[in-house]
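Respectively, the protein sequence lines represent chains A and B.
For the first sequence, this note's numbering assigns the number 1 to the initial residue and increments by one for each residue that follows.
For the second sequence, this note's numbering assigns the number 1001 to the initial residue and increments by one for each residue that follows.
C-beta: ideal position from N, C-alpha, C; glycine also.
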Amino acid sequence: MGHRSLAALAAVLSALSGGCSLIWTPAIDDVDASHGDAGVADAWVASDTGISRPELCANGLDDDGDDLVDCRDPDCFGAADCCSDTEGRALVGPFTVSGYEADWDHAIDLYVASEAGGAVLDFGSRYGWLRRRACAPLATGATFSLELARRTVPGDLSLVLSPARSPGATGFLDELAVRFDRDGLFSVTRAGTPIPLATPSGACSNVARSGDPRRYILAAPERLVVELRPATSNGRAILSARIRVSGSFDGGCTAVVPVDGLALDVQDLVRTHDGNPDSCSESPGLYVALEGEGAGFRVDAVTARTYECASPSIFGTDALRVLQREDLNADGVAPGFAVGGVGAPSLDFGGDVYRWRLLFDGSLEDRSAEIFRPLTTRIGLSVSPNLSAWSMSPESPGGGPVGGVGDVDVREPSGLYAGSDEIAFVRRADAGFDLYRARTLGSTGGTFDNVTQRLVASASGCSYREPALARADGANLWVFFRCDHGSSSTLGLAHDTENASEAPQIFSEDLLAPFPDIHDRVRAIDVLTRAKNDVRYFAVWVLVDAPSGGQALYLFGGEADDAGVTPPELHAYAGNPVLTSRDLALDCAESDCAITSFTVGQEPRTGPDRLVFYFARSRASSSGVTYEFVPRTQFAPRALDDGR
Amino acid sequence: MRDVLPVVLAVLALVAGSSSLGCAESRDPLPPGSRDADTGAIDAIFGSDAGATPPRSAEASMGDGAACLDFEDNDLNGLMDCEEQDCRSSAVSASCCVGRTDEACCTTERVDEVTGSGAAPATLHLRDQTLTTMGGTVYPGAILTTCDVRVDAAFAPIGNDSLSGYLALPSGYAPRSGYLTIEARIGLEEREVGEPAAAGFGIFSSDGLGPIARPLVAVVVSGAGREVRVVEGDRVVASRALGVGACASSMRYRLRLTPEGSYEVYAVSPGAEEPSAPPIFTGRTDPRASVRVAMFGQQRNPDTAPLAWVSDLRVIERGCDRLAPDRRPRAVLDEGAHDVTDLAIFPRFEPDPSPEADPPGYEALVLSDGHLYWMAIRSSDGGLASAVSGVPFANELRLDWPGSVRITGLAVALSHGEHQVFLAATVDGSGPAIYRTTYTPSMTAGQPGSLGAAPTRVADETMLGREGAISIDAPSALFVPIVDRVVLVGRVRFSDGHSELRILPTLAMDGEIAATPAVGRDPAGVTTQGLLRANAWSTETAFDRDEVSDPQLFEVNGVVRVLYAGRRGTRWSIGEIVASPDFTHFIPVDAEPLLAPSGDGFDALGVRAPRRVRRGGVDWLYFLGTDGTTQRVGLATQPVVSP
């Protein structure tokens, strides 16, 4: 688990606790002020909070009076000030595409013609398209702007956002498209169906063709801007789209057509396996393409800007590979103590030498045999500089506090580097599982060092499972855990210290009590925290048995004093669950895939600024059961990282 | 037409007037059986109020259940129609039970009981079928510890060193469309014979039965530690120590699953029929499709007598009127060269299509690339193919239709033994309209029939009298015997871009067309004639927000239902609507789609054109799945509980 200088999780923490879903505040002018859209951004205010004054996201004030300042206010979720860098990719002509598919990145090399003021986008006599090479990570927000002018020759042009392109299709499926056709008409379509448009601003009137408000006569388009901002609606993650088309309409008047508040359901946009090897299915994004026919348009500039806004419901893969037991060992041989399968991963980044550390448990027998009899389990540690090549630490395996022999059942480790290694784990006892802490797995193999038994099942009636360590100030630690009590499994929290002589203090065995639908369905937990101005901010992910069936991942946030005196009060993220049962299939086609646990870590200073999740999955087939760790990643915004 | 129309109008108006128009509170409640013959007869088709009436709310006590589907809060308690708990009973409103899992709605019961024979060799049976084990053995009860309870024979999982043994019942069960209760006795021998064994029973997906048992949920008694365990997959979610004595190690256990996915585990005392104590564990499971029930376990030492065993297995299935399709639909007509546009599936002969026949008596018309093809349903697994050559699209049906024609949709309805075919088509560049012709099956099974004379135009947008209506397509038809007419439903598109599912004219056998007087109201109370569903009703995240299409009318157990397709963005999903008994009001069964695009494979981006048939104890939901390139015929299934 991440331990230091934890990036702020701007959207995560800012989206917590308010309960008001947002329409992203700000800021076409933040993105592209040079084009004079200032003032348009003012329209982007919280839509259902009932507030009269929007939260400004970078002034250090609680503008809307909800006790949440700037990026901690969910109204600022996705706002440019609360996102990490924006990435601009501009294509400035001239360029020509001769009737066939071409990648956006290559387009600049393809031009053969130009004229004063810009470039001719020539698709030739067949329908063609110019596609942005990579899937745009639109789910985290983006803006596309297009400067264009109609030429005297016939032709049409569309900007298309698409979840899929399939071999044999004549273009892209338009989740959203802005179309300028050869008859001088302008329309916005969704899945090929034009939508009604608002009345243009200014003095233009009668611009609709034959009274059809879905098609305007736009003789001379000049500029198109499409903005997509992450938001939530009815508990679902959406992109809220806003479109501005300006130009000279019928009769010669100049106006802007605004299209606001189009909701694009994120689940409809991502993870579509359409048969393409370069499908967007592995990337949480969309195809962006210019489609058309002929050479009817001169394009002066195409600019695509995407944002790395944290979007807690959006998970990517970043080409990380699934880890199976043999992948955790440098020699590619499954570690002997884990030939029966691995589970309960715990990821963090740190140590004396910066590196990823992955704690896990492994069993000698096939883990599926546990339904018949107790297993013998051990705890292992693998390390990696880059999440790619892993090697087993010589400390592995850790066998528990009684010498590591016999039928010891130690499992579900949680690691935290806090000046020294801290490890929490559980061990089977007569009355359930007891909670232990240790400093290292041990230098001699098979035993832990500095083991302390911290919480005993028989003393409280709570069987302690799936501990998750979190940092507090000084020698203080927080221990989140699952409390199995009868048929309920709740989220518990204890305060602990590095001093073995001090007994842990349990604050709660049901921290999610305010959330009755899920509070007793907890399966696994992991936590990231950061401190700023003596306040400790928590992001707590909880895997639960979902009320609607299957499993789901929920996100909670909270704040506490950094001294660890008072526990955090958790607030649910408005877009929960951040992963649904369907998502948790994690591309598993078989029916018998199950997620048993997960971990989340963050690399704080080097490399891509991202959260890395590993989900422990068991995958059954006719030949047996495979136990593996499936990766997923998220952007982690830099803006609130107090280490920067 | 002038002679028939007044009769039809009178009958339909009578139905409408007797049940739902106006405020139900203003009418005298009608006790069951007090209505006139015509109304009762119609209820026999569109719903009934058979059975005793328990004490009800004012809303539910209107006698015929009509007040449960009139878009009125008749008793002013804040709950409208099927929201009223008392409406959700098959004795009050069968329509309100569609898609519901209230106990009072779920009445169909089937019991599968495994019986044993201790005569050598000992065997286990389900009805007249002898059950076989995989990696296990059937032992006579005489050698087992049974706590003075007679056991004729039992399954014992004696296998090899590391694998599991099991005995699975042959049929599938549908835990998400009803209540499923599984009971069995699990015995544990107390002898000191080396490593203890374990045995139990539970539900499995078809993939979960193999050399390594992987139950969705199961009850296992483990000799290691002498405890009873509740397991999900390979995870022990609860355990409880056994008591002492032979009876403690030879207990009956009950696993009860609800359609919502929760389950309870009970221990039943020796000699008792019902559990006397609360469940020892409650949890949730999420079967994605039909499940298998199996006894299973592990005993590593094959050289000893059984150390753990299971006997007296009994499965009780209580069905609800709920379609919960297998969430692993598959393509059954996967021809890359053919982009299927629409399909219609219909029984070959009236009235009973011999569902158990091989091949079953169902045929299909498939529209692809503007051509109509005939196909047969080939096999018991629902596959579609030409029965003649085995090659799909081998049998094209040609229409005697002059002019330039483009067909976009089709439907088939059976009336008086005649197959009426309805086609959505544009003819000579005119707007889409609905045309009718006939289809005559071949007298020889497995051979294509023939289409009748040139189709006649039966419905277009001008007949609606609705401003802005620009086209009609996507037909569906259902023959209603009481009025001796075919009710036609289709999709209407409007110039402002929105779309509606509407009742189109009714049609008589002689071709006479009559406008329907049926009146529908949307949830806001706006009355419109014949309106089933409009995308304008939806919220911004609803699955049918942007468009509705592809209705399919069908009737199950006297209730008329409508499957349809709804679009949000590029994604098409399938939803369901239930009709009021008088066929004037239509209510969505659920806000969530019945079937959504999978995101992977042939139906990655969309599922639409639902075509449901029930045969052979299975609901077969055919549909068109698209991955953005082509549309293929897919199939989702769900077992039906039948006594």
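Residue-chain proximity (residue i, chain B), Cβ-Cβ < 9 Å
i: Gly-474 of chain A; result: no
i: Asp-318 of chain A; result: no
i: Gly-550 of chain A; result: yes
i: Gly-624 of chain A; result: yes
i: Thr-596 of chain A; result: yes
i: Phe-629 of chain A; result: no
i: Ala-620 of chain A; result: yes
i: Leu-512 of chain A; result: no
i: Asp-545 of chain A; result: yes
i: Pro-213 of chain A; result: yes
i: Pro-163 of chain A; result: yes
Interface partners of residue i on chain A, CB under 7 Å
i: Gln-1638 of chain B; result: Those within 7 Å of Gln-1638 of chain B in chain A number zero; the least Cβ separation is about 15 Å.
i: Arg-1254 of chain B; result: The premise fails here: Arg-1254 of chain B is roughly 15 Å from chain A at the closest Cβ pair, so nothing lies under 7 Å.
i: Ser-1222 of chain B; result: Phe-372 and Arg-373
i: Glu-1547 of chain B; result: Thr-193
i: Ile-1212 of chain B; result: Asp-366, Ser-368, Gly-624 and Val-625
Residue burial classification, residue i (beta-carbon count within 10 angstroms, cutoff 16)
i: Asn-1077 of chain B; result: exposed
i: His-1416 of chain B; result: exposed
i: His-362 of chain A; result: Just to set this straight, residue 362 of chain A is Gly in the shown sequence, not His. Label assigned to Gly-362 of chain A: buried.
i: Leu-61 of chain A; result: exposed
i: Ala-1119 of chain B; result: exposed
i: Pro-631 of chain A; result: buried
i: Gln-1299 of chain B; result: buried
i: Phe-629 of chain A; result: buried
i: Glu-603 of chain A; result: buried
Secondary structure of residue i, DSSP reduced to three states
i: Phe-515 of chain A; result: coil
i: Ile-1143 of chain B; result: helix
i: Gly-336 of chain A; result: helix
i: Asp-421 of chain A; result: strand
i: Asp-1112 of chain B; result: strand
i: Asp-1627 of chain B; result: coil
i: Gly-50 of chain A; result: Because Gly-50 of chain A sits at a pLDDT of 32, beneath the cut-off of 50, its placement in the model cannot be relied upon, and the point is left open.
i: Cys-1096 of chain B; result: helix
i: Thr-1133 of chain B; result: coil
i: Phe-144 of chain A; result: strand
i: Thr-1444 of chain B; result: coil
i: Ser-1206 of chain B; result: helix
i: Gly-599 of chain A; result: In the sequence as displayed, the identity of residue 599 of chain A is Thr instead of Gly. Strand at Thr-599 of chain A.
i: Leu-328 of chain A; result: helix
Within chain B, partners of residue i - CB distance below 8 Å
i: Leu-649 of chain A; result: Any answer about residue 649 of chain A is impossible in this case: the structure gives chain A only from 1 up to 644.
Beta carbon proximity, residue i to chain A, threshold 9 Å
i: Val-1236 of chain B; result: yes
i: Gly-1297 of chain B; result: yes
i: Asp-1496 of chain B; result: yes
i: Ser-1164 of chain B; result: yes
i: Gly-1599 of chain B; result: yes
i: Glu-1232 of chain B; result: yes
i: Pro-1215 of chain B; result: yes
Cross-chain neighbours of residue i in chain B, by beta carbon under 7 Å
i: Leu-264 of chain A; result: Gly-1569
i: Pro-196 of chain A; result: Asp-1496 and Gly-1497
i: Arg-190 of chain A; result: Asp-1546 and Gly-1569
Where residue i meets chain A, residues with beta-carbon distance less than 9 Å
i: Ala-1198 of chain B; result: Ile-371, Phe-372 and Arg-373
i: Phe-1281 of chain B; result: Gly-486 and Ser-487
Within chain A, the residues that residue i reaches when beta carbons sit closer than 8 Å
i: Thr-1541 of chain B; result: Ser-233, Asn-234, Arg-236, Ile-238, Ala-263 and Asp-265
* Runs of alpha helix (DSSP H) lying entirely within the region 427 to 489 of chain A, each at least 4 residues, in chain order -> 457 to 460
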